[in-house]
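Structure record follows, encoded as C-alpha cells.
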Ligand SMILES: Nc1ncnc2c1ncn2[C@@H]1O[C@H](COP(=O)(O)OP(=O)(O)OP(=O)(O)O)[C@@H](O)[C@H]1O
Ligand SMILES: [Mg+2]
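Chains as they are written, first to last, in the working numbering: chain A, 242 to 515; chain B, 100 to 357.
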C-alpha cells in the first residue's frame, strides 16, 4: 500500500534561514507518529508544508498520490486536516459549532453529513457544552480544541497537528488522545507535533525527531523516550513515566501510565492494579 | 508587606452571571512561588488577570472584594503571540520595549535586556524580527521581556506551553532563581509534574473557588488524583494499588523503592 504521507528529500528556507534540510519519511494509513524536537527545529515549518501553506524549495511532499507543491491549501483540505500552533488565527465563525462545520461545508458535503461530522467532532472533544459560544469567549486551550474539532470533522486521510494539548488539563488531554486513536483506527495517518512527551507516549507509537531542520531519529517512541542520553542533545527530556521506569528499573521499561502501574503492581507483588 | 493579597475576591466577566472567581483569598510573599492548578476554566487565568490589574480594568466586568498590590507587576499571557508590542523590528528592541517605557536610562535598559536574553538562552536571536520566530522562540522572548522590566511580582500563565522539554526545565529553574532574588511569583500551569520542584505553595482552583491551598504534597493526595491533579508518579503508585502516602516525584519514588 502506498503511504498516506510521504516526504522525499524535503528542504525549505525562509530567506537566509534554512528551516528544513533533506527530510524524508513515510507515514502509512492508521499510523500514529510524533514529530519532536527543540524550539526552532523545523516542526511547524513541516506542518505548513504538509498543509500546503508553504511549498518546499527542494524535494516533494506527497499526500497519497498528490504532490502538494502544485496545490492550494483549500484543495489539500480534502485530504489533510491541520491544526496550527497558534490556532486563534484558524477560527473565524461566530459560534464553535459553525466553525467546526466550516470545513465539511467547504468540501461540499450534503447537509446531513455536515451535521453528523460536526456533532461527532464536537462530542469527541467534549465541546458540546460550548457549541453555541463564540470561539473568542473560550479560554485559549479550548479555542485550540475547537480548531482541532474542525480538523477532525474533515475526516481526512492525513491529520497534521501542531501542539494539540498546550494548556489542556488531564481529562481533556485524555479526550484528545481517544479522539486521535479513533481517527487512526479508521485509517487516518497522524503526524503530531508536541513538546508534551507524556501525551506523545500515551497516544502515539513512532517518534520522528528533527534537529536543526534535519531528521535525527525515526524509531519506535518507547525506545526513544527512555533514552535520556540520546534525547539530551536534542533539547528533549524523558517524560515522567519513562524516567520512573528507568529509575526503578521496571521490566520492559513501560512509557504509558497504565502499563507502568501494572508493572509496578506486579513487581511489588501488590494490589490489583488499575 | 506582601507584594500581593487578594481578599474575598469575586469576579464576573462582562455579561455573565456566574462569577469566574468566587471568594478567593490569597497572599503571595516576596521570594515565594505560588502555583495555580485546576481544570481548564477553573479560574487560574482569571486570577492572574485580576492580580495584574487587567481584570476588570481592561477586560471589563465587575469585581467584589479587595486586591492589594504593593509591587510593580508584569504578566506573561497564555497566548504569547498576542503579546508582541508590534513596535519592534528586532528581538532586542522587543525585549527593551517594556524597560524603555519605565523611563530607565539607556545603559540600564541595555544591561537588563542583555541579561534577560542570556537567561532565556536567546542571545543568538537578538537581531531577528520577532514576527518570524518559532512558537517556543517567541515564548522565550515574551518571558525575557517580562524579566527585563525587573518586576517585583511576576505573573505567568502557562509559561512553558510552547517550550521544548529542556527549555521548560530551564525556565522552571530560572523561576526558582528569581524567587531566591526576592521576586514574588504566581504561575498557572498544567505541567503538574514540574510543580513539586518549583512551587512553595499550591493553590487548587475548582470552579472559580479555592478548593485547597497547601504544599506541593497536595498533588499526591487522593482528592487531587481523583480530580486529575495528581502528579504522574502519585497516580501510578495509586493505580498500582500501593499504599499511601504516594510519592510525588521520581526522586521520591526511588527513595521509597526497596
Ligand atoms: N517566517 C519566518 N522567517 C524567518 N525564519 C523563520 C520564519 N518562521 C520560522 N523561522 C525559523 O525557522 C526555524 C524553524 O522554525 P519552526 O517554526 O519550524 O520551528 P519549530 O520546530 O516549530 O519550533 P517551536 O518548537 O519553537 O514551535 C526557526 O529557526 C525559526 O526561527
Ligand atoms: Mg512550532
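All C-beta atoms in this analysis are idealised placements derived from N, C-alpha and C, irrespective of residue type, glycine included. Computed from a prediction, not measured in an experiment: that's the story for all the values here.
- With 16 or more neighbouring CB atoms inside 10 Å of its own CB, residue 503 of chain A falls in the buried class.
- Pairing residue 332 of chain B with residue 481 of chain A gives a Cβ-Cβ distance under 8 Å.
- When B/310, B/158 and B/132 are compared, the shortest CA-CA separation from residue 111 of chain B is found for B/158.
- A distance of 8 Å or more separates the beta carbons of residue 380 of chain A and residue 340 of chain A.
- By the neighbour-count definition (other C-beta atoms within 10 Å, threshold 16), residue 479 of chain A is a buried residue.
- No Cβ of chain B is located within less than 8 Å of the beta carbon of residue 458 of chain A.
- If you keep only unbroken alpha helix (DSSP H) runs of at least 4 residues inside the segment 302-356 of chain A, you get 314-317 and 337-347.
- Closest option to residue 441 of chain A, judged by alpha-carbon separation, among A/469, A/304, A/468 and A/497: A/497.
- When the five nearest sequence neighbours on each side are left out, the beta carbons in the same chain lying within less than 8 Å of the beta carbon of residue 348 of chain B are those of 292, 295, 296, 330 and 332, in order along the chain.
- Residue side-chain check: residue 233 of chain B places its Cβ nearer than 7 Å to a non-hydrogen atom of ligand 2.
- Straight-line measurement puts the Cα of residue 142 of chain B at about 13 Å from the Cα of residue 124 of chain B.
- Out of B/311, B/312, B/217 and B/339, the CA that lies nearest to the CA of residue 269 of chain B is found in B/217.
- Within the chosen limit of 7 Å, ligand 2 reaches the beta carbon of residue 284 of chain A through at least one heavy atom.
- Within the same chain, 446, 447 and 448 come within 8 Å of residue 461 of chain A by CB-CB distance, once the 5 residues on both sides are set aside.
- DSSP, read as helix, strand or coil, puts residue 107 of chain B in strand.
- CA-CA distance, residue 175 of chain B to residue 196 of chain B, rounds to 14 Å.
- Cβ-Cβ distances below 6 Å link residue 425 of chain A to 271, 273 and 431 in the same chain, with the five nearest sequence neighbours on each side left out; the list follows chain order.
- For residue 266 of chain A, no alpha helix (DSSP H) run applies; the uninterrupted beta strand (DSSP E) run containing it begins and ends at 258-268, by DSSP.
- In the three-state DSSP reduction, residue 336 of chain B falls in the helix class (H, G or I).
- In the DSSP assignment, no residue is bridged to residue 144 of chain B.
- In this structure residue 473 of chain A is exposed. Its beta-carbon is surrounded by fewer than 16 other beta-carbon atoms within 10 angstroms.
- A direct Cα-Cα distance of roughly 11 Å separates residue 285 of chain B from residue 251 of chain B.
- Classified as buried, residue 325 of chain A has 16 or more neighbouring CB atoms from the shown chains inside 10 Å of its CB.
- Contact between the segment 262-280 of chain B and the segment 300-310 of chain B is absent: fewer than three C-beta pairs spanning the two stretches fall below 8 Å.
- Excluding its 5 nearest sequence neighbours in each direction, residue 420 of chain A has C-beta neighbours in its own chain below 7 Å: 365, 366 and 393, listed in chain order.
- The DSSP assignment places 447-452 and 455-461 as complete runs of the beta strand (DSSP E) inside the segment 434-510 of chain A, in order along the chain (cut-off: 3 residues).
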